[in-house]
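Visitor:
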Amino acid sequence: MASSRPVGAEPDTSHRPSADRDLDPRRSTVPVGSSDLLKEGTLTAAATLERHGHIAVITLNRPEAMNAVNAALSTAVGAALDELAADPELRVGVITGAGRAFCAGADLKELARGNGIHDPEHPEYGFAGLVQHFVDKPLIAAVNGFALGGGTEIVLASDLAVMSEDASLGLPEVTRGLVAAAGGLLRLPRAVPPKIALEMALTGTPIDAASAAHWGLVNRVVPADQVLPTALRLAETIAANAPLSVRASKRIMHRVNEFGSDWDTPIWEMSVAEAGPVFVSKDALEGPRAFAEKRPPQWRGE
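Residue numbers (our numbering): 303 to 604.
What follows is the structure in C-alpha coordinates.
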(Lines of atoms letter the chains of each structure in order from A and count residues from 1; the text may use other names and numbers.)
(Lines give C-alpha, C1' and ligand atoms only; values in the text may rest on other atoms or scores of the structure.)
Protein backbone atom coordinates (compact mmCIF):
# COMPACT_ATOMS: atom_id res chain seq x y z
CA MET A 1 0.00 0.00 0.00
CA ALA A 2 1.25 3.45 -0.82
CA SER A 3 1.90 5.76 2.09
CA SER A 4 1.01 9.41 2.55
CA ARG A 5 2.61 11.62 5.15
CA PRO A 6 3.47 15.24 5.95
CA VAL A 7 6.68 16.74 4.60
CA GLY A 8 9.55 16.28 7.02
CA ALA A 9 8.43 13.01 8.60
CA GLU A 10 10.70 9.97 8.38
CA PRO A 11 10.11 8.06 5.13
CA ASP A 12 8.44 4.67 5.25
CA THR A 13 10.44 2.46 2.90
CA SER A 14 8.83 -0.83 3.88
CA HIS A 15 6.42 -0.92 0.94
CA ARG A 16 7.33 -0.99 -2.74
CA PRO A 17 4.08 -1.50 -4.71
CA SER A 18 3.99 -2.03 -8.44
CA ALA A 19 3.21 0.90 -10.70
CA ASP A 20 0.37 -1.21 -12.12
CA ARG A 21 -1.57 -0.65 -8.90
CA ASP A 22 -3.75 2.42 -9.20
CA LEU A 23 -4.22 4.85 -6.33
CA ASP A 24 -7.17 3.81 -4.21
CA PRO A 25 -9.29 6.87 -3.38
CA ARG A 26 -10.36 5.17 -0.15
CA ARG A 27 -6.87 5.34 1.25
CA SER A 28 -6.27 8.09 3.78
CA THR A 29 -4.13 10.98 2.65
CA VAL A 30 -2.12 13.38 4.72
CA PRO A 31 -1.58 16.99 3.66
CA VAL A 32 1.77 18.24 2.51
CA GLY A 33 3.24 20.88 4.77
CA SER A 34 1.99 22.41 7.98
CA SER A 35 -1.46 22.10 9.51
CA ASP A 36 -2.36 25.67 8.60
CA LEU A 37 -2.84 24.46 5.03
CA LEU A 38 -5.84 22.41 6.14
CA LYS A 39 -9.12 23.69 4.84
CA GLU A 40 -11.42 24.79 7.60
CA GLY A 41 -13.89 22.11 8.65
CA THR A 42 -12.32 19.33 6.61
CA LEU A 43 -9.54 16.78 6.83
CA THR A 44 -8.17 17.60 3.41
CA ALA A 45 -5.48 19.99 2.26
CA ALA A 46 -4.65 21.82 -0.93
CA ALA A 47 -2.15 19.14 -2.01
CA THR A 48 -1.01 15.74 -0.79
CA LEU A 49 2.11 13.66 -1.28
CA GLU A 50 1.82 9.89 -1.53
CA ARG A 51 4.76 7.48 -1.83
CA HIS A 52 4.82 4.64 -4.33
CA GLY A 53 8.25 3.16 -3.75
CA HIS A 54 10.75 5.58 -5.29
CA ILE A 55 7.92 7.69 -6.74
CA ALA A 56 6.26 10.71 -5.13
CA VAL A 57 2.67 11.27 -6.29
CA ILE A 58 1.66 14.88 -5.70
CA THR A 59 -2.09 15.45 -5.95
CA LEU A 60 -3.65 18.88 -6.39
CA ASN A 61 -6.50 18.54 -3.93
CA ARG A 62 -9.11 21.24 -4.47
CA PRO A 63 -11.63 19.24 -6.52
CA GLU A 64 -14.50 21.54 -5.56
CA ALA A 65 -12.60 24.37 -7.32
CA MET A 66 -11.30 22.18 -10.16
CA ASN A 67 -7.90 22.38 -8.46
CA ALA A 68 -7.59 26.09 -9.15
CA VAL A 69 -4.40 27.48 -7.67
CA ASN A 70 -4.52 29.56 -4.51
CA ALA A 71 -1.77 30.36 -2.01
CA ALA A 72 -2.37 27.20 0.02
CA LEU A 73 -2.00 24.99 -3.04
CA SER A 74 1.15 26.80 -4.16
CA THR A 75 2.64 26.40 -0.69
CA ALA A 76 1.78 22.71 -0.48
CA VAL A 77 3.10 21.84 -3.94
CA GLY A 78 6.29 23.79 -3.30
CA ALA A 79 6.83 21.84 -0.09
CA ALA A 80 6.21 18.56 -1.89
CA LEU A 81 8.79 19.40 -4.55
CA ASP A 82 11.25 20.34 -1.82
CA GLU A 83 10.75 16.89 -0.32
CA LEU A 84 11.15 15.21 -3.70
CA ALA A 85 14.44 17.06 -4.18
CA ALA A 86 15.79 16.34 -0.69
CA ASP A 87 14.84 12.69 -0.15
CA PRO A 88 17.31 10.25 -1.76
CA GLU A 89 14.67 7.50 -1.67
CA LEU A 90 12.48 9.50 -4.05
CA ARG A 91 13.63 9.45 -7.68
CA VAL A 92 10.64 10.58 -9.75
CA GLY A 93 7.63 12.82 -9.15
CA VAL A 94 4.14 12.50 -10.64
CA ILE A 95 1.70 15.40 -10.37
CA THR A 96 -2.03 14.91 -10.91
CA GLY A 97 -5.37 16.36 -9.86
CA ALA A 98 -8.16 15.17 -7.58
CA GLY A 99 -11.62 14.83 -9.10
CA ARG A 100 -12.47 15.51 -12.72
CA ALA A 101 -9.92 18.27 -13.33
CA PHE A 102 -6.15 18.41 -13.49
CA CYS A 103 -5.95 22.14 -12.84
CA ALA A 104 -8.23 24.99 -13.92
CA GLY A 105 -5.45 27.55 -13.57
CA ALA A 106 -5.42 30.45 -11.15
CA ASP A 107 -8.22 30.84 -8.63
CA LEU A 108 -9.88 33.88 -10.17
CA LYS A 109 -12.12 34.35 -7.14
CA GLU A 110 -9.04 34.77 -4.96
CA LEU A 111 -7.56 37.25 -7.42
CA ALA A 112 -10.84 39.17 -7.53
CA ARG A 113 -10.67 39.51 -3.74
CA GLY A 114 -7.17 40.93 -4.04
CA ASN A 115 -5.54 37.86 -2.52
CA GLY A 116 -2.23 36.47 -3.71
CA ILE A 117 -1.99 32.93 -5.07
CA HIS A 118 1.75 32.33 -4.61
CA ASP A 119 3.51 30.81 -1.63
CA PRO A 120 4.17 33.91 0.51
CA GLU A 121 7.40 32.42 1.88
CA HIS A 122 8.70 31.22 -1.49
CA PRO A 123 7.39 33.52 -4.23
CA GLU A 124 10.45 32.52 -6.27
CA TYR A 125 8.83 29.09 -6.81
CA GLY A 126 6.27 30.77 -9.05
CA PHE A 127 2.74 29.72 -9.96
CA ALA A 128 1.51 26.59 -8.14
CA GLY A 129 4.85 26.44 -6.31
CA LEU A 130 6.15 24.71 -9.43
CA VAL A 131 6.67 26.64 -12.67
CA GLN A 132 9.92 28.31 -11.49
CA HIS A 133 10.87 25.59 -9.00
CA PHE A 134 13.52 23.50 -10.72
CA VAL A 135 14.08 20.01 -9.32
CA ASP A 136 16.64 17.80 -11.04
CA LYS A 137 14.50 14.69 -10.58
CA PRO A 138 12.00 13.95 -13.37
CA LEU A 139 8.45 15.26 -12.98
CA ILE A 140 5.59 13.64 -14.91
CA ALA A 141 2.24 15.38 -15.34
CA ALA A 142 -0.67 12.93 -15.16
CA VAL A 143 -3.32 15.08 -16.85
CA ASN A 144 -6.52 13.44 -15.66
CA GLY A 145 -8.90 16.12 -16.90
CA PHE A 146 -9.46 19.84 -17.54
CA ALA A 147 -6.07 21.59 -17.82
CA LEU A 148 -6.40 25.08 -19.24
CA GLY A 149 -4.44 28.22 -18.45
CA GLY A 150 -2.23 27.55 -15.47
CA GLY A 151 -2.98 23.85 -15.81
CA THR A 152 -1.34 23.88 -19.23
CA GLU A 153 1.56 25.85 -17.78
CA ILE A 154 2.10 23.12 -15.18
CA VAL A 155 2.18 20.57 -18.00
CA LEU A 156 4.72 22.69 -19.89
CA ALA A 157 6.90 22.90 -16.76
CA SER A 158 6.83 19.12 -16.32
CA ASP A 159 9.36 16.86 -18.03
CA LEU A 160 6.89 14.29 -19.37
CA ALA A 161 3.11 14.11 -19.60
CA VAL A 162 0.38 11.48 -19.81
CA MET A 163 -2.99 12.90 -20.86
CA SER A 164 -6.57 11.70 -20.73
CA GLU A 165 -8.08 11.30 -24.19
CA ASP A 166 -10.96 13.59 -23.20
CA ALA A 167 -8.82 16.35 -21.68
CA SER A 168 -7.66 19.53 -23.39
CA LEU A 169 -4.82 22.03 -23.16
CA GLY A 170 -4.89 25.73 -23.88
CA LEU A 171 -3.98 29.27 -22.87
CA PRO A 172 -7.30 31.15 -22.71
CA GLU A 173 -5.92 34.12 -20.77
CA VAL A 174 -6.44 36.57 -23.65
CA THR A 175 -10.19 35.86 -23.50
CA ARG A 176 -10.20 37.12 -19.89
CA GLY A 177 -8.05 40.20 -20.34
CA LEU A 178 -5.04 38.41 -18.86
CA VAL A 179 -1.67 37.10 -20.06
CA ALA A 180 -0.30 33.57 -19.70
CA ALA A 181 2.46 34.80 -17.42
CA ALA A 182 3.19 31.52 -15.58
CA GLY A 183 5.54 30.27 -18.26
CA GLY A 184 3.07 29.51 -21.02
CA LEU A 185 4.36 32.20 -23.36
CA LEU A 186 7.96 31.24 -22.56
CA ARG A 187 7.79 27.47 -22.83
CA LEU A 188 5.15 26.91 -25.50
CA PRO A 189 7.25 28.42 -28.36
CA ARG A 190 10.08 26.08 -27.38
CA ALA A 191 7.79 23.07 -27.36
CA VAL A 192 5.84 23.48 -30.63
CA PRO A 193 6.34 25.30 -33.96
CA PRO A 194 6.06 29.10 -33.61
CA LYS A 195 2.84 29.47 -35.59
CA ILE A 196 1.11 26.78 -33.52
CA ALA A 197 2.26 28.46 -30.31
CA LEU A 198 1.07 31.85 -31.54
CA GLU A 199 -2.32 30.49 -32.59
CA MET A 200 -2.86 28.93 -29.18
CA ALA A 201 -1.75 32.06 -27.32
CA LEU A 202 -3.53 34.66 -29.48
CA THR A 203 -6.87 32.89 -30.02
CA GLY A 204 -7.14 31.26 -26.61
CA THR A 205 -8.64 28.22 -28.34
CA PRO A 206 -7.81 24.92 -26.59
CA ILE A 207 -6.49 21.82 -28.35
CA ASP A 208 -7.61 18.26 -27.73
CA ALA A 209 -5.45 15.37 -26.56
CA ALA A 210 -4.80 14.06 -30.06
CA SER A 211 -3.47 17.45 -31.16
CA ALA A 212 -1.39 17.76 -27.99
CA ALA A 213 0.23 14.41 -28.76
CA HIS A 214 0.72 15.34 -32.42
CA TRP A 215 2.66 18.47 -31.46
CA GLY A 216 4.69 16.66 -28.82
CA LEU A 217 3.18 18.39 -25.79
CA VAL A 218 2.40 15.03 -24.17
CA ASN A 219 4.01 11.59 -24.33
CA ARG A 220 0.93 9.37 -24.01
CA VAL A 221 -2.82 9.72 -24.55
CA VAL A 222 -4.89 7.11 -22.73
CA PRO A 223 -8.44 6.62 -21.36
CA ALA A 224 -9.14 8.69 -18.27
CA ASP A 225 -8.96 5.74 -15.88
CA GLN A 226 -5.53 4.80 -17.22
CA VAL A 227 -3.83 8.18 -16.83
CA LEU A 228 -2.34 7.64 -13.38
CA PRO A 229 -1.45 3.95 -13.86
CA THR A 230 0.29 4.83 -17.13
CA ALA A 231 2.18 7.70 -15.50
CA LEU A 232 3.23 5.41 -12.66
CA ARG A 233 4.51 2.78 -15.07
CA LEU A 234 6.51 5.43 -16.89
CA ALA A 235 7.85 6.67 -13.56
CA GLU A 236 8.80 3.14 -12.52
CA THR A 237 10.77 2.70 -15.73
CA ILE A 238 12.73 5.87 -14.98
CA ALA A 239 13.15 5.03 -11.29
CA ALA A 240 14.71 1.68 -12.22
CA ASN A 241 17.64 3.52 -13.80
CA ALA A 242 20.71 4.91 -12.06
CA PRO A 243 19.48 8.01 -10.16
CA LEU A 244 22.67 10.04 -10.60
CA SER A 245 22.61 9.36 -14.35
CA VAL A 246 18.95 10.36 -14.64
CA ARG A 247 19.43 13.59 -12.71
CA ALA A 248 22.56 14.61 -14.64
CA SER A 249 20.82 13.84 -17.93
CA LYS A 250 17.90 16.08 -16.99
CA ARG A 251 20.19 18.92 -15.89
CA ILE A 252 22.19 18.79 -19.13
CA MET A 253 19.10 18.77 -21.34
CA HIS A 254 17.52 21.64 -19.44
CA ARG A 255 20.67 23.74 -19.77
CA VAL A 256 21.27 23.40 -23.51
CA ASN A 257 19.19 26.49 -24.24
CA GLU A 258 21.73 28.57 -22.32
CA PHE A 259 24.19 28.07 -25.16
CA GLY A 260 24.48 28.67 -28.88
CA SER A 261 25.78 26.12 -31.34
CA ASP A 262 26.38 22.58 -30.13
CA TRP A 263 29.76 22.84 -31.88
CA ASP A 264 30.91 25.56 -29.48
CA THR A 265 33.21 24.75 -26.57
CA PRO A 266 31.07 26.12 -23.68
CA ILE A 267 28.18 23.70 -24.16
CA TRP A 268 30.61 20.76 -24.12
CA GLU A 269 32.27 22.11 -20.99
CA MET A 270 28.87 22.26 -19.31
CA SER A 271 28.10 18.67 -20.33
CA VAL A 272 31.45 17.42 -19.03
CA ALA A 273 30.99 19.28 -15.74
CA GLU A 274 27.55 17.75 -15.19
CA ALA A 275 28.43 14.23 -16.38
CA GLY A 276 31.90 13.98 -14.86
CA PRO A 277 30.84 13.10 -11.30
CA VAL A 278 28.57 10.36 -12.63
CA PHE A 279 31.44 8.59 -14.39
CA VAL A 280 33.43 8.35 -11.14
CA SER A 281 30.45 7.26 -9.01
CA LYS A 282 29.92 3.86 -7.41
CA ASP A 283 26.88 3.38 -9.62
CA ALA A 284 29.09 3.79 -12.71
CA LEU A 285 30.99 0.71 -11.51
CA GLU A 286 27.84 -1.17 -10.55
CA GLY A 287 26.19 -0.84 -13.97
CA PRO A 288 28.86 -2.64 -16.04
CA ARG A 289 29.46 -5.12 -13.23
CA ALA A 290 25.78 -6.06 -13.07
CA PHE A 291 25.69 -6.41 -16.86
CA ALA A 292 28.70 -8.72 -16.83
CA GLU A 293 27.21 -10.79 -14.00
CA LYS A 294 23.80 -10.93 -15.73
CA ARG A 295 21.88 -9.53 -12.76
CA PRO A 296 19.82 -6.40 -12.10
CA PRO A 297 21.94 -3.47 -10.91
CA GLN A 298 21.63 -2.33 -7.31
CA TRP A 299 21.78 1.44 -7.54
CA ARG A 300 22.95 3.38 -4.50
CA GLY A 301 22.80 6.89 -5.85
CA GLU A 302 26.48 7.29 -4.98
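Think of the CB as a built atom: it goes at the ideal place given N, C-alpha and C, for glycine as much as any other residue.
Source: prediction; values computed, not measured.
To the nearest angstrom, report how far apart residue 461 and residue 537 are at their CA atoms.
Guide: Here residue 461 is taken as the residue at index 159 of the sequence shown, counted from 1. Here residue 537 is taken as the residue at index 235 of the sequence shown, counted from 1. Cα to Cα, the separation comes out at about 11 angstroms.
Visitor: Consult DSSP for residue 500 and reduce its assignment to one of helix, strand or coil.
Guide: Translated into positions along the sequence shown, residue 500 becomes position 198. Of the three classes helix, strand and coil, the one that applies to residue 500 here is helix, per DSSP.
Visitor: Give me, in chain order, the residues of the same chain whose beta-carbon lies closer than 6 angstroms to that of residue 573; leave out the 5 immediate sequence neighbours on both sides.
Guide: Start at 1 with the first residue of the sequence shown, and residue 573 comes out as number 271. Closer than 6 angstroms at the Cβ level, and outside the excluded window around residue 573, lie 554.
Visitor: If we call anything under 9 angstroms between Cβ atoms a contact, is residue 395 one with residue 366?
Guide: Translated into the one-based positions of the sequence shown, residue 395 becomes position 93. Translated into the one-based positions of the sequence shown, residue 366 becomes position 64. For residue 395 and residue 366, no; Cβs fall outside 9 angstroms.
Visitor: Given residue 377, which residues of its chain have a CB within under 8 angstroms of its CB, disregarding the five upstream and five downstream residues?
Guide: Taking the sequence shown and counting its residues from 1, the one referred to as residue 377 is at position 75. For residue 377, where only same-chain residues beyond five positions count, the Cβ hits under 8 angstroms are 335, 339, 348, 421, 422, 423, 424 and 431.
Visitor: According to DSSP, is residue 448 helix, strand or coil?
Guide: By 1-based counting over the sequence shown, the position of residue 448 is 146. Correct three-state label for residue 448: strand.
Visitor: Can you look up residue 258 in the DSSP assignment and give me helix, strand or coil?
Guide: Because the chain here runs from 303 to 604, residue 258 falls outside it and cannot be looked at.
Visitor: So, helix, strand or coil for residue 424, using DSSP?
Guide: As a position in the sequence shown, residue 424 is number 122, starting the count at 1. Reduced to three states, the DSSP call for residue 424 is coil.
Visitor: Candidates 567, 529 and 371: which alpha carbon is nearest residue 447's?
Guide: The residue given as residue 447 occupies position 145 in the sequence shown. Here the closest residue by C-alpha is 529.
Visitor: Give the straight-line distance between the Cα atoms of residue 449 and residue 592, rounded to the nearest whole angstrom.
Guide: Stepping through the sequence shown from its first residue, residue 449 is reached at position 147. Stepping through the sequence shown from its first residue, residue 592 is reached at position 290. Cα to Cα, the separation comes out at about 42 angstroms.
Visitor: Mind checking residue 564: buried by the 16 CB within 10 Å criterion, or exposed?
Guide: Translated into the one-based positions of the sequence shown, residue 564 becomes position 262. Exposed.
Visitor: From residue 499 to residue 399, what does the alpha carbon distance come to, in whole angstroms?
Guide: Position 197 of the sequence shown holds residue 499. Position 97 of the sequence shown holds residue 399. Rounded to whole angstroms, residue 499 to residue 399 spans 25 angstroms at the Cα level.
Visitor: Is the segment 511-527 in contact with the segment 465-485, if contact means three or more CB pairs nearer than 8 angstroms?
Guide: With the cut-off at 8 angstroms, the segment 511-527 and the segment 465-485 touch.
Visitor: List the whole-angstrom C-beta distance separating residue 356 from residue 393, where the pair is believed to meet the contact cut-off of C-beta under 8 angstroms.
Guide: Along the sequence shown, read from residue 1 onward, the residue named residue 356 stands at position 54. Along the sequence shown, read from residue 1 onward, the residue named residue 393 stands at position 91. Indeed, because the Cβ distance is near 4 angstroms, the residues count as touching under 8 angstroms.
Visitor: For the beta strand (DSSP E) holding residue 358, just list the boundary residues, first then last.
Guide: For the purposes of this step, residue 358 is identified with residue 56 of the sequence shown, where counting begins at 1. Run containing residue 358: 357-362, per the beta strand (DSSP E) assignment.
Visitor: Between the beta-carbon of residue 471 and the beta-carbon of residue 452, is there less than 9 angstroms?
Guide: The residue labelled residue 471 in the question sits at position 169 within the sequence shown. The residue labelled residue 452 in the question sits at position 150 within the sequence shown. No; because the gap between Cβ atoms is not below 9 angstroms, this pair is not in contact.
Visitor: What is the C-beta distance between residue 437 and residue 514, in whole angstroms, given that I count them as a contact (C-beta under 8 angstroms)?
Guide: Counted from its first residue, the sequence shown places residue 437 at position 135. Counted from its first residue, the sequence shown places residue 514 at position 212. About 23 angstroms; that fails the 8 angstroms criterion.
Visitor: Within this structure, are the beta carbons of residue 397 and residue 361 separated by less than 9 angstroms?
Guide: In the sequence shown, residue 397 corresponds to position 95, counting from 1. In the sequence shown, residue 361 corresponds to position 59, counting from 1. Contact: yes.
Visitor: Figure out for me which residue from 540, 478, 588 and 518 has the closest Cα to the Cα of residue 491.
Guide: Along the sequence shown, one-based indexing puts residue 491 at 189. Cα-wise, what sits closest to residue 491 is 518.
Visitor: Since residue 435 and residue 383 are thought to touch, with beta carbons under 8 angstroms apart, how far apart are those beta carbons, to the nearest angstrom?
Guide: Working through the sequence shown from its first residue, we reach residue 435 at position 133. Working through the sequence shown from its first residue, we reach residue 383 at position 81. That belief holds up - the Cβ atoms of residue 435 and residue 383 are roughly 5 angstroms apart, short of 8 angstroms.
Visitor: Which same chain residues, not among the five before or five after residue 443, have their C-beta less than 6 angstroms away from its C-beta?
Guide: If you number the sequence shown from 1, residue 443 lands on position 141. Here the set comprises 397, 457, 460 and 463.
Visitor: For residue 419, which of helix, strand or coil comes out of DSSP?
Guide: To locate residue 419, count along the sequence shown from 1; it is residue 117. Coil at residue 419, not helix or strand.
Visitor: Where do the N-terminal and C-terminal ends of the alpha helix (DSSP H) with residue 580 fall, by residue?
Guide: Counting from one through the sequence shown, the residue named residue 580 turns up at place 278. Looking at the DSSP string, the run of the alpha helix (DSSP H) that includes residue 580 is 567-581.
Visitor: Within the same chain, show all residues whose beta-carbon is closer than 6 angstroms to that of residue 476, passing over the 5 residues directly before and after it, in chain order.
Guide: Your numbering for residue 476 matches position 174 in the sequence shown. Counting only Cβ-Cβ distances below 6 angstroms, and skipping sequence neighbours, we find 506.
Visitor: Is it buried or exposed, residue 439, if we count other Cβ atoms within 10 angstroms and call 16 or more buried?
Guide: Locating residue 439 in the sequence shown gives position 137, counting from the first residue. Answer is buried; the Cβ neighbour count reaches 16.
Visitor: So, at 8 angstroms on beta carbons, what are the nonlocal neighbours of residue 604 in its own chain, with the 5 sequence-adjacent residues on each side left out?
Guide: By 1-based counting over the sequence shown, the position of residue 604 is 302. 546, 583, 584 and 585.
Visitor: Flag this pair as yes or no: are the beta carbons of residue 541 and residue 589 separated by less than 9 angstroms?
Guide: Mapped onto the sequence shown, residue 541 falls at position 239. Mapped onto the sequence shown, residue 589 falls at position 287. No, these two residues do not count as a Cβ contact at 9 angstroms.
Visitor: In or out: residue 581 buried (at least 16 other Cβ within 10 Å) or exposed?
Guide: Walking along the sequence shown from the start, residue 581 turns up at place 279. Label assigned to residue 581: exposed.
Visitor: Which residue marks the beginning of the alpha helix (DSSP H) containing residue 354, and which one marks its end?
Guide: Indexing the sequence shown from 1 puts residue 354 at position 52. Note, residue 354: premise wrong, no alpha helix (DSSP H); beta strand (DSSP E) at 349-354.
Visitor: Between residue 503 and residue 482, how many whole angstroms is the CB-CB distance? I'm expecting something under 8 angstroms.
Guide: Counting from one through the sequence shown, the residue named residue 503 turns up at place 201. Counting from one through the sequence shown, the residue named residue 482 turns up at place 180. 6 angstroms between Cβ atoms; contact.
Visitor: Specify, as a first and last residue, the run of the beta strand (DSSP E) that residue 522 falls within.
Guide: Translated into the one-based positions of the sequence shown, residue 522 becomes position 220. That run of the beta strand (DSSP E) goes 522-524.
Visitor: For residue 556, is the classification buried or exposed, using 16 other Cβ atoms within 10 angstroms of its Cβ as the cut-off for buried?
Guide: If you number the sequence shown from 1, residue 556 lands on position 254. Looking at its Cβ environment, which holds fewer than 16 other Cβ atoms inside 10 Å, residue 556 is exposed.
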